[in-house]
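J.: Residue numbers (my numbering): 9 to 242.
Glycine included, each C-beta is placed from N, C-alpha and C at the ideal position.
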Ligand code: ZN
């Protein structure tokens, strides 16, 4: 299940969409649309109110790295938190669709880290400024390969886990999402057209925390559909 390494002219690892089965989705990476506070317990752990409508933000494609590669933390920017999230790979254009029309457009299910410069985000929130610098910096979105969806899964029965240094820190269940997956994608499409190659991150459950050099992270989807190990560097 290792990600195939694609390097650029400078020998840096480039991200490419991949399926775990080895077939190539042949899609260029687009934007990453994310939701904040989609699990009540996570909103509570950061003392945030639960939003009345989905709270959306976007990470640029330049934030994405292959999750299996060591993760480099930005230096001198304060604490960087992990947020383990379920990721959806979009395979068909979606503009202002109903939730019922969403399922066939999701062609892959994967795992992501919504890395967040928490101190910087707190400053930006305080000043009522956008979060982009805290959420969209280079390397802010490690992505796993995607499980190719040949059939529609039970969207409200998905599970995933995140371990930090062998300690279970997050257990996400899609049943606990405040805005369920197909409703979320439909809502996003009413503001931003989703294009093939775009990715949706579905929010993080409770258990987030700061990363430091030498940490080891593991994420697993559905008891073994997908497992990714990675490590943290400065
Ligand atoms: Zn998040």
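Is it the case that the Cβ atoms of residue 207 and residue 193 are separated by a distance below 8 angstroms?
T.: Cβ distance not < 8 angstroms, so residue 207 and residue 193 don't count as in contact.
J.: Compute the Euclidean distance between the alpha carbons of residue 170 and residue 105, then round it to the nearest angstrom.
T.: Rounded to the nearest angstrom, the two C-alpha atoms are 32 angstroms apart.
J.: Just to confirm the assignment: which complete alpha helix (DSSP H) runs, minimum length 4, are found wholly within the segment 42 to 114?
T.: If we require 4 residues or more, the alpha helix (DSSP H) runs fully inside the segment 42 to 114 come out as 48 to 53.
J.: Assuming the contact rule is C-beta atoms closer than 8 angstroms, residue 185 and residue 56 should be a hit. Round their C-beta distance to whole Å, please.
T.: No, residue 185 and residue 56 are not in contact; Cβ-Cβ is about 16 angstroms, not under 8 angstroms.
J.: Flag residue 149 as yes when its Cβ comes closer than 7 angstroms to any non-hydrogen atom of the ligand ZN, and as no otherwise.
T.: False, no ligand heavy atom lies under 7 angstroms from that Cβ.
J.: What is the DSSP secondary structure of residue 226, counted as helix, strand or coil?
T.: Here residue 226 sits in strand by DSSP.
J.: Output the distance between the C-alpha atoms of residue 118 and residue 227, rounded to the nearest integer angstrom.
T.: Approximately 10 angstroms, taken between the alpha carbons.
J.: Who sits around the ligand ZN, taking every residue whose Cβ is closer than 5 angstroms to one of its heavy atoms?
T.: Ordered along the chain, the selected set is 91, 122 and 212.
J.: In chain order, what residues of the same chain lie with their CB nearer than 7 angstroms to the CB of residue 65, ignoring the 5 residues before and after it?
T.: Contacts found: 42, 44, 139 and 143.
J.: What are the uninterrupted segments assigned as beta strand (DSSP E) that are 3 or more residues long and contained completely in the segment 187 to 225, given in chain order?
T.: Counting whole runs of 3 or more residues, the segment 187 to 225 contains the beta strand (DSSP E) stretches 207 to 209.
J.: Buried or exposed: which applies to residue 224, given that a residue is buried once 16 or more other Cβ atoms fall within 10 Å of its Cβ?
T.: With fewer than 16 Cβ atoms within 10 Å of its Cβ, residue 224 is classed as exposed.
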